[in-house]
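According to the working numbering, numbering within the sequence shown proceeds without interruption in unit steps and concludes at 151. Here is the structure we will look at, set down as structure tokens.
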Amino acid sequence: MLPRYLAYYERHGGLGKWAAVEKATGRFVGVFKLHPTESGPPEDLELGYRFHRAAWGKGYAAESSFALLRKAFTEFGVQRVFAQAMTVNRGSWRVMEKAGQRYVQAFFRDWPGGPIEGAERGDVEYAATREERLAQYS
Ligand SMILES: CC(C)(COP(=O)(O)OP(=O)(O)OC[C@H]1O[C@@H](n2cnc3c(N)ncnc32)[C@H](O)[C@@H]1OP(=O)(O)O)[C@@H](O)C(=O)NCCC(=O)NCCS
């Protein structure tokens with residue numbers, strides 16, 4: 014995967030995947046994505062995350078998401094960042110809210126490989142815009 018990630022940074026001006034590293038130990042604890050989607054406008058980025066189970070419940074996902082949103086709006090100058098999660102994944106909703114995103118919509122999608130538990134309750138989308146967030150970072 015690494016060659017693919019490295020090539021992506023080159024093509025997209027530093028956007029792509031991000032590592033979450035625990036400051037106290039230097040351990041790699043999770044991975045983020047922050048990049049445009051294939052179907053969306055290039056100035057809108059999608060934020061996503063996965064953390065190692067041992068690192069859950071320490072505030073890392075919210076802290077890192079907040080930092081990446083700030084970076085997106087202050088350094089990359091993007092207009093909008095959105096994130097999506099399964100409706101049943103309440104932890105993910107809360108991370109989006111704490112990072113400064115607001116609820117946009119609920120929706121349903123087809124999961125590749127067939128339905129997974131909880132998919133019948135659909136997904137939610139949260140987002141933040143540059144205009145909304147810039148004042149929060151001063
Ligand atoms: C979802 C996930 C990213 C949360 O990471 P985390 O570092 O534990 O989250 P934080 O510690 O920053 O918690 C942020 C908030 O969410 C809440 N939260 C976390 N997990 C929760 C859960 N399962 N149910 C309800 N609330 C939860 C926390 O209590 C906290 O809110 P609070 O400060 O008001 O108490 C992590 O559990 C994970 O990687 N899960 C597996 C993969 C996944 O679900 N990825 C997201 C796919 S969209």
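Yeah, the Cβ is synthetic: ideal placement off N, Cα and C, and Gly gets one too.
Quiz item: Anyone know if the C-beta pair for Ala33 and Phe79 falls short of 8 angstroms?
Solution: no
Exercise. Output the distance between the C-alpha atoms of Asp123 and Thr50, rounded to the nearest integer angstrom.
Key: 17 angstroms
Quiz item: Can you name, in chain order, every residue of its own chain whose Cβ lies under 7 angstroms from the Cβ of Phe120, other than the five neighbours on each side?
Solution: Gly135, Asp136, Glu138
Quiz item: Nearest CA to the CA of Leu47: which residue from Lys36, Pro55, Arg40?
Solution: Pro55
Quiz item: Which term fits Arg146, buried or exposed, when burial requires 16 or more other beta carbons within 10 angstroms of its beta carbon?
Solution: buried
Quiz prompt | Paired residues, beta bridge with Gly70 - DSSP | solution = Bridge partners of Gly70: none, in fact.
Self-check item: Beta-carbon proximity list for Ser77, same chain, < 6 angstroms, skipping 5 on both sides
Solution: Ala33
Quiz item: Comparing alpha-carbon positions, which option in Trp106, Gly53, Leu15 lies nearest Ser92?
Solution: Before going further, note that residue 92 is Gln rather than Ser in the sequence given. Nearest option by C-alpha distance: Gly53.
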